[in-house]
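Protein chains in written order, with our numbering: chain A, 426 to 679; chain B, 3 to 457.
Note that CB positions come from ideal geometry on N, CA and C, so glycine has one too.
Written out below as structure tokens is the structure these notes cover.
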């Protein structure tokens, strides 16, 4: 048994002791490390000033650079939507308008509506935080729908600030609903929750809509960057496609 | 003992111990297998087809295309039937009753209902079925074949239908279906040598994003008081952030000053003056029996022509942003797969005749649209072909629709006599099932068509 007193046996004992200590450390620190990994920390939130989230996303996503994303502003029937850019507003004659916007910029619109016999005007802003990857040639047929409901306008005209995050649903977890353009499902987050974070947990956030009640002054609108907004590209509306006609199948196979 | 010898002996002893521990499960499995083999009756290979007395059916189906069996085939099957009947008396009960007395499924077992089961099927010989899905068979031979799950990436903007997703689909001897997920489209069939095989289709991708919104309403006065907006602005330092970040200037998009696209569109309308307005009407119907989107030789005749490569590939273009290697593949047994976007100049596949026992049911699926909005209808066409040299029976096609697709009632049709059954599935949609009445002769195929509404 002389070899047990040799230096190599000491090395073996030392190695066994080291392995034991490391395993104990791993067991003891496992729960703590797991708790740290599950802690949620979000760099972006919807309380940031308009346009900041979009700029941060632009810096982190190379596919947003130079991409023009079609967005369709859908206001309630009877209202009118105009584009605020270049020191003025475009002619407002429709309740829906399709535009192409880019990440990193802030776009502002003017919505004229009637709130219980009182004509009112709000200036909602839209910024995009992500894009769609539509098949080539169909980009204009699948814009991101930014739906402004009557409730949104009523809340904004009542002096409140409405922040709405439009997100892309996951196809596997969607529930059936009516295929109506103005019927975009939405819900209010609970107190303390951020709609951008909630939308991230449910899908992929694409755009942030903010509606307040403040009306810009004439000086603010007259500048080249009216009310801190950029000029979008006006796009044609998506084409309504007719259902195809059914033809009975006959035995044409061999 | 010297130090070197001691260290060497320690290493050698460790290696021996590790090897023994690794081989222990294998040894145990072998022992168990040897013990169980005493009660298991192994299947034997059926007699080989004699090419002189039983000529192969021709490509166009003129010879051997009838559903009745020829005299040589009857002798061939009766010989096998005698051996199967002998096995049927054994306690373990092997083999399907593939030469039963059913007239509708001559030569194959009768269908006795079906059920969907969770989990994996028990792979025991008493079922009388050997679940060897086609996709798995092919994957083992050549990794370039389709249904390799690692290559089928997914995007949240698409609706997928087809292929064998997640768990592997298996069908046992009692017609129980295991491992069926939503989106799965497959066909299962019985072979004359007693196998019940599963053959998944290709996957169809339809671009159809859907959107929702999350809202928060703040009262500005309360928000300003509680969150101290003024201090937040100083802490945020937005101006300093822009100035210090050098990369922001390189990626910053520039707003457009003019809108040339609108001006072009107006000019184009003035030039047409309504004379050619009839040309912009969308095609609503065609006089041919096949719809324009399914006017492929692959769908019409079950043959692939290289001249249709571009059109077949069009349906896959959209998804290539996310998945580079995906493409519609046309393949046959032991034949190198032809990827339609390949540069190999193969002109045409006429037919595939094999003389071994492996059976292949090719299931190809196409959709009328590559993109659809909620509320629009999409028409699906499934073409199935028997690529093997023998008849296959109890051919059953199943499409488990996803939650985004709603079956349009009364739209299902099949070119062959079939029984159509639809049942509710877990995804609040339907599972469509076609049970083809008659066995499918070699080289024969059929077409299934149905409509779904995107929701």
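Test item: CB-CB of residue i and residue j under 8 Å
i	j	result
residue 664 of chain A	residue 566 of chain A	yes
residue 551 of chain A	residue 535 of chain A	no
residue 399 of chain B	residue 189 of chain B	yes
residue 590 of chain A	residue 471 of chain A	yes
residue 396 of chain B	residue 113 of chain B	yes
residue 457 of chain B	residue 406 of chain B	yes
residue 164 of chain B	residue 205 of chain B	yes
residue 208 of chain B	residue 371 of chain B	yes
residue 257 of chain B	residue 530 of chain A	yes
residue 527 of chain A	residue 559 of chain A	no
residue 218 of chain B	residue 620 of chain A	yes
residue 1 of chain B	residue 421 of chain B	Residue 1 of chain B lies beyond the range of chain B shown here (3 to 457); nothing can be said about it.
residue 538 of chain A	residue 583 of chain A	no
residue 404 of chain B	residue 122 of chain B	no
residue 499 of chain A	residue 570 of chain A	yes
residue 158 of chain B	residue 602 of chain A	no
residue 213 of chain B	residue 593 of chain A	yes
residue 604 of chain A	residue 377 of chain B	yes
residue 634 of chain A	residue 211 of chain B	no
residue 441 of chain B	residue 390 of chain B	no
residue 654 of chain A	residue 533 of chain A	yes
residue 656 of chain A	residue 511 of chain A	yes
8 Å Cβ cut-off: residues of chain A touching residue i
i	result
residue 430 of chain B	600, 601
residue 457 of chain B	601, 602, 604
residue 161 of chain B	596
residue 439 of chain B	Within chain A, no residue comes near residue 439 of chain B; the closest Cβ sits about 14 Å away, beyond 8 Å.
Within chain B, partners of residue i - CB distance below 8 Å
i	result
residue 591 of chain A	213, 214, 215
residue 467 of chain A	Result: empty, since nearest Cβ-Cβ is about 14 Å, beyond 8 Å.
residue 610 of chain A	214, 215
residue 494 of chain A	Chain B residues near residue 494 of chain A: none, gap ~11 Å exceeds 8 Å.
residue 533 of chain A	The contacting residues do not exist; residue 533 of chain A stays about 12 Å from chain B at best.
residue 623 of chain A	216
Residue i classed as buried or exposed, judged by whether at least 16 other C-beta atoms fall within 10 angstroms
i	result
residue 643 of chain A	exposed
residue 580 of chain A	buried
residue 561 of chain A	exposed
residue 497 of chain A	buried
residue 192 of chain B	buried
residue 468 of chain A	exposed
residue 574 of chain A	buried
residue 588 of chain A	buried
residue 304 of chain B	buried
residue 298 of chain B	buried
residue 436 of chain A	exposed
residue 661 of chain A	exposed
residue 166 of chain B	buried
residue 96 of chain B	Bear in mind that a pLDDT of 30 at residue 96 of chain B, under 50, signals an unreliable position, so the model cannot answer this.
residue 577 of chain A	buried
residue 388 of chain B	buried
residue 563 of chain A	exposed
residue 374 of chain B	buried
Chain B contact residues for residue i, given Cβ-Cβ distances below 9 Å
i	result
residue 563 of chain A	209, 320, 372, 373
residue 439 of chain A	Within chain B, no residue comes near residue 439 of chain A; the closest Cβ sits about 15 Å away, beyond 9 Å.
Partner residues on chain B for residue i, Cβ-Cβ distance less than 7 Å
i	result
residue 595 of chain A	158
residue 655 of chain A	257
residue 651 of chain A	Those do not exist, as residue 651 of chain A stays about 12 Å from chain B at its closest Cβ, beyond 7 Å.
9 Å Cβ cut-off: residues of chain A touching residue i
i	result
residue 189 of chain B	Simply none; closest approach about 15 Å.
residue 115 of chain B	Result: empty, since nearest Cβ-Cβ is about 27 Å, beyond 9 Å.
Interface residues of chain A facing residue i [CB-CB closer than 7 Å]
i	result
residue 206 of chain B	None at all; the shortest Cβ gap to chain A is about 13 Å.
residue 167 of chain B	Near residue 167 of chain B there are no residues of chain A at all, since even the closest Cβ is about 10 Å away, more than 7 Å.
residue 377 of chain B	604
residue 221 of chain B	585
residue 427 of chain B	Those do not exist, as residue 427 of chain B stays about 13 Å from chain A at its closest Cβ, beyond 7 Å.
residue 406 of chain B	596, 599
Say whether the segment 358 to 378 of chain B touches the segment 194 to 207 of chain B, bearing in mind that this needs 3 or more beta-carbon pairs closer than 8 Å, one atom from each stretch. Counting Cβ pairs under 8 Å, three or more are found: they touch.
Going along the chain, which unbroken runs of the beta strand (DSSP E) with 3 or more residues stay wholly within the segment 523 to 607 of chain A? Entirely contained in the segment 523 to 607 of chain A, the beta strand (DSSP E) runs reaching 3 residues are, in chain order, 532 to 540, 543 to 547, 550 to 553, 569 to 572, 585 to 594.
Counting Cβ pairs closer than 8 Å, one from the segment 612 to 630 of chain A and one from the segment 517 to 530 of chain A, do we hit at least three? Touching, no.
Would you check if the segment 606 to 617 of chain A and the segment 436 to 450 of chain A touch, i.e. whether three or more CB-CB distances between them fall below 8 Å? No, they do not touch.
Could you give the uninterrupted runs of the beta strand (DSSP E) lying entirely in the segment 606 to 672 of chain A, keeping only those of 3 residues or more? Taking only runs of at least 3 residues, the beta strand (DSSP E) segments lying wholly in the segment 606 to 672 of chain A are 611 to 613, 628 to 636, 658 to 660.
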